[in-house]
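*Asks:* Have a look at this one.
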Amino acid sequence: MNSMEKTESSIITKIEQGFQSVDVSQQYKNKALENIKTWLQDEPFRDYQDQIVYLIDSGSFELLLDSFYQVIPFGTGGRRGPVGIGPNRINPWAIMNSAQGHSTYLKSLSENQKKKLNIVLCYDVRKYPETNLYSNEIPNPIRDVTSKDLALNAIQVYAANGIKCYLFNDVRSTPELSYAVRHLNAAAGIVISASHNPKEDNGKKVYGADGGQLIPPEDQRLADIVNSVREVKSLNIKEAKANGLVEFTSGKEIDDAYIRNVTSLTLVGDKIDKSNLSIVFSPLHGVGMTSIYKALTKHGFNVSLDDLTVTPDGFFSNVKFNIPNPEVVESMETLIEKGKVVDADILINSDPDADRLGLTIRINGKERDSVYRYLNGNEIGIVLTHFVLEEMKRQQRLPEQGVLAKTTVTSELISKIAKYYGVKGIGDLLVGFKYIANEIKKLEEKQQKDRFVLGMEESHGFLVSAYCRDKDAAGAALLLCELASQLKAQGKNINDYLNGVYKKFGYHSHQQTSLVFLGAEGKEKIEKISYAFRNHPPGKLGKLKVIRCVDRWKGEPFLSDTDKSSRNVLSFFIEPPEGVEFIKITARPSGTEPKIKIYVEVGGKPAGEDEQTFQNEKKRHDALGKRIMDGFTKIAYDCVGINMPERGFRLSPLLPVEVKLKYFDVEEELLKLENQLRANEITGGGVKKRVDELLTIFGQDPIEKISGAFREKTGMSLRNFFNQKFDKIRKEC
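Here the sequence shown is numbered in this note's numbering, starting from 52 and rising by one per residue.
Okay, structure coming up:
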């Protein structure tokens, strides 16, 4: 054995010993070890090898195992995940390897055999932040890598394979990319973005010639080709441009055509005074200025910008928790402050690639005394559905045999509304907007595309008409602003409108939570929970019987592994108490993040116009939904042997379960500080320092993440607790 072989052998031995401390199945350790050996030995990974050795020498074995135990999979929205080193991370190699496989895939399609291929690409604002996971003393191919960098990496590969690339020369939204694929008659489209994921993530969404993302089994066929790549071709950008294989475009012609399509969605634009509505918009540091802001201002609306979050910033610096997700109510904090300054009626935000929409509305008050209400994705969908269908029917614009499509976890009230207006509701689609796009594709193949009216998912994704093939915050924003303006002229707001829909069709309570489990060990826990729910479903929740279980794994054979993953959805129907129409619980692992998601919907019966009766029913259904969510969440924890105190359910769903379990020790230490302060064992400044130290494990903006649990223990928020204790002790002294 020569010295190099000895060194290699000692490294492998060190990894094997390090993996012994990681509590995960041996199969994951074996696969990680196999992939690490490949990355340490093979030429394509030369740029990554020093950092891998650094991780081994520094004992980062959990990170190594998670980074290498699998190739990052296709999920509900393409491939996305943490930027890093290894096959289970997003990095230049992953993007280039994927582009090589995608090139081979495109050339294999029968419709592409006899034509010159082209592809259109865009990117968002992301830039990999300093995470302190890797050494800054040695070269690192992912340091400061941006979405644009990764797009340029991909272009070098597509061009080397003879595929012409059109790249926007600045950031653009995902829905505009979907539109551009069709507009340019491209063979495919690529977006480099991690959508609403945390700032450490990035990813790649792949679109077909129809402008929609690939669905099973095509996504599996692409993944298999990518996984079989042995050599990646590459051509430098300068040479690619000289050969006519790369075109950097300002995109003005595409922009104008796309915005025309969005503004053409207008329903009451010519009948309202748009200047009477005050709007605040934020792209949450993302690309939404290129789509939503343009569409609203082009349409004549008065739009103020949230100064703190309007600038492109891949770190999402001024967004609460640095998580730019409209599903997170705290993403509205800076908009609410701006709204109070400009006396705004409606607040709108979007995620970094501007496909998801957030909505908050003023329900009473003026300026600094304004009271705002956040609407979740189901509530936005209910409002949008009723407004669009009601108005189109009134104007006799509703297509004959119109179609509305939604995912299975999206409110059943939307299906009720569709039925009322004579629209066909496709309400049981798998999660992922690509399945809604596929319904449009089916209609288009029958020359019936114009039958499509609306598509939506509870995760704040909406598409009105079929101008593109992915959710688009711009179109939904425009119509919601039209409705808000119309209502304001009548002395009403969107909350009044929503309550009117509830009174007419019945109140529906929607609850949602996520259990985040990190790494390979977390993946095992998610699999155990799914296995337990599938094979040993609960028979009761409290006193309520489970009367039916729908397992999407049953029925048709799996088309592919990606199909099996997408169909990992379980729904439980609970025997409803008197006055309740139905209760539905759904559990599914996320297709884009390491978590299992739980949804509860309690559907009510029409309560009539009496306001007090409606409010009583609303409280009753919400309380029932909360009890059911708590009961089901407890069962999920029990499946993996976790004894989570019930107040732990009030911790932010953004926190990993491993961190949630540490909260209770932190809580105990926080409560001790009162006695230490009273006994003069610690000063006020010392208390602040100690609180900051204790809360570090909860990450950015920790107080908001734990306040719900702390309030359940003490009856007050963490801030109020210490403010009151300080005041009391000062007075006593």
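Note that beta-carbon positions come from the ideal geometry of N, C-alpha and C, so glycine has one too.
How would you label residue 287, buried or exposed, when you count the other beta carbons within 10 angstroms and need 16 or more for buried?
*Replies:* Flag for residue 287 reads exposed.
*Asks:* What does the Cβ neighbour count give for residue 663, buried or exposed, with the cut at 16 atoms within 10 Å?
*Replies:* Residue 663 is exposed by the Cβ-count criterion.
*Asks:* Leaving out five residues before and five after residue 701 in sequence, what residues of the same chain have Cβ atoms less than 7 Å from its Cβ?
*Replies:* Only 759, 760, 763 meet the Cβ criterion.
*Asks:* Using DSSP bridges, identify the partner residues of residue 506.
*Replies:* Note: residue 506 sits in a beta bridge opposite 456, 514.
*Asks:* How many whole angstroms separate the CB atoms of residue 412 and residue 544, which I take to be in contact at a CB cut-off of 8 Å?
*Replies:* About 6 Å; that satisfies the 8 Å criterion.
*Asks:* In three-state terms, what does DSSP make of residue 20?
*Replies:* This structure cannot settle anything about residue 20, because the visible part of the chain is limited to 52 through 784.
*Asks:* Could you tell me how far apart the beta carbons of residue 529 and residue 222 are, in whole angstroms, since I believe they sit closer than 8 Å?
*Replies:* So it is not a contact: roughly 21 Å between Cβ atoms.
*Asks:* Helix, strand or coil, according to DSSP, for residue 267 in the structure here?
*Replies:* Looking at residue 267 - three-state DSSP - the assignment turns out to be coil, as it is neither helix nor strand.
*Asks:* Can you tell me whether residue 54 is buried or exposed? The criterion is at least 16 other CB atoms within 10 Å of its CB, across all chains shown.
*Replies:* Residue placement at residue 54 is flagged as unreliable, the pLDDT there being 39, under the threshold of 50; a coordinate-derived value is accordingly withheld.
*Asks:* Could you compute how far the alpha carbon of residue 673 sits from the alpha carbon of residue 558?
*Replies:* Spanning the two alpha carbons is a distance of roughly 10 Å.
*Asks:* Over the uninterrupted alpha helix (DSSP H) stretch that includes residue 736, give me the two end residues.
*Replies:* Start and end: 735-746.
*Asks:* If you draw a straight line from the alpha carbon of residue 499 to that of residue 67, how long is it in whole angstroms?
*Replies:* Distance between the alpha carbons of residue 499 and residue 67: 59 Å.
*Asks:* Where does the unbroken beta strand (DSSP E) through residue 602 begin, and where does it stop?
*Replies:* Element bounds for residue 602: 595-602.
*Asks:* List, from N- to C-terminal side, the beta strand (DSSP E) runs of 3 residues or more that fit wholly inside the region 516-576.
*Replies:* The qualifying runs are 559-567.
*Asks:* By Cβ distance below 7 Å, which residues in the same chain neighbour residue 571 in space, the five residues on each side in sequence not counted?
*Replies:* Cβ neighbours of residue 571 beyond the five flanking positions: 75, 79, 116, 117, 120.
*Asks:* Distance, Cα to Cα, residue 480 vs residue 112?
*Replies:* Approximately 39 Å, taken between the alpha carbons.
*Asks:* Alpha carbons only, please: which of 137, 509, 632, 329 is nearest the one belonging to residue 668?
*Replies:* Of 137, 509, 632, 329, the residue nearest in Cα terms is 632.
*Asks:* Could you check what DSSP says for residue 239 in three-state terms: helix, strand or coil?
*Replies:* Residue state, collapsed to three classes: strand.
*Asks:* Could you pull out every unbroken beta strand (DSSP E) segment of at least 3 residues lying fully inside the region 427-495, listed in chain order?
*Replies:* Counting only runs of 3 or more, we get 454-458, 475-480.
*Asks:* Which of the three DSSP states is assigned to residue 618 in this structure?
*Replies:* If DSSP states are grouped into helix, strand and coil, residue 618 belongs with coil.
*Asks:* If you draw a straight line from the alpha carbon of residue 188 to that of residue 158, how long is it in whole angstroms?
*Replies:* Approximately 42 Å between the Cα atoms of the pair.
*Asks:* May I ask you to list the residues that DSSP assigns as paired with residue 62?
*Replies:* Looking at the DSSP assignment, residue 62 forms no beta bridge with any residue, so it has no partner.
*Asks:* Out of 675, 59, 100, 649, which has the shortest C-alpha to C-alpha gap to residue 510?
*Replies:* Looking at the Cα atoms, 649 is the closest of the given residues.
*Asks:* Please classify residue 251: does DSSP put it in a helix, a strand, or coil?
*Replies:* Residue 251 falls in the coil class under three-state DSSP.
*Asks:* Since I believe residue 405 is in contact with residue 343 (beta carbons under 8 Å), could you give me their beta-carbon distance rounded to a whole number of angstroms?
*Replies:* Right, the Cβ-Cβ distance comes to about 6 Å (below 8 Å), so this counts as a contact.
*Asks:* Inspect the beta-carbon positions of residue 592 and residue 603 and report whether they are closer than 9 Å.
*Replies:* No, Cβ-Cβ distance for residue 592 and residue 603 is not below 9 Å.
*Asks:* Quick check on this structure: which residue in 268, 518, 765, 375 has the alpha carbon closest to the alpha carbon of residue 617?
*Replies:* The residue with the shortest Cα to Cα distance from residue 617 is 268.
*Asks:* Of all the options 283, 175, 171, 196, which has the alpha carbon lying nearest to the alpha carbon of residue 182?
*Replies:* Checked all of 283, 175, 171, 196; the closest Cα to residue 182 is 196.
*Asks:* Excluding the 5 residues preceding and the 5 following residue 734 in the sequence, name in chain order all residues of the same chain whose CB lies nearer than 6 Å to its CB.
*Replies:* The answer is none, since no qualifying residue turns up.
*Asks:* Express the C-alpha separation of residue 242 and residue 169 in angstroms, rounding to a whole number.
*Replies:* C-alpha separation (whole angstroms): 15 Å.
*Asks:* Cα separation between residue 534 and residue 123?
*Replies:* Cα to Cα, residue 534 sits roughly 42 Å from residue 123.
*Asks:* Below 7 Å CB to CB, which residues in the same chain sit around residue 57 once its five sequence neighbours on both sides are set aside?
*Replies:* At residue 57 the pLDDT is 47, less than 50, meaning the model places this residue with poor confidence; the figure from the coordinates comes in the next sentence. Excluding residues within five positions, none has a Cβ falling inside 7 Å.
*Asks:* Specify whether the region 333-353 and the region 305-324 touch according to this definition: at least 3 beta carbon pairs, one from each stretch, less than 8 Å apart.
*Replies:* The answer is yes - the region 305-324 touches the region 333-353, with three or more Cβ pairs under 8 Å.
*Asks:* Kindly indicate which residue of 564, 213, 440 has the alpha-carbon position closest to the one of residue 677.
*Replies:* Checking every option, the nearest Cα to that of residue 677 belongs to 564.
*Asks:* Work out the CA separation of residue 248 and residue 102 for me, nearest whole Å.
*Replies:* Distance between the alpha carbons of residue 102 and residue 248 is about 25 Å.
*Asks:* What is the DSSP secondary structure of residue 300, reduced to helix, strand or coil?
*Replies:* Residue state, collapsed to three classes: strand.
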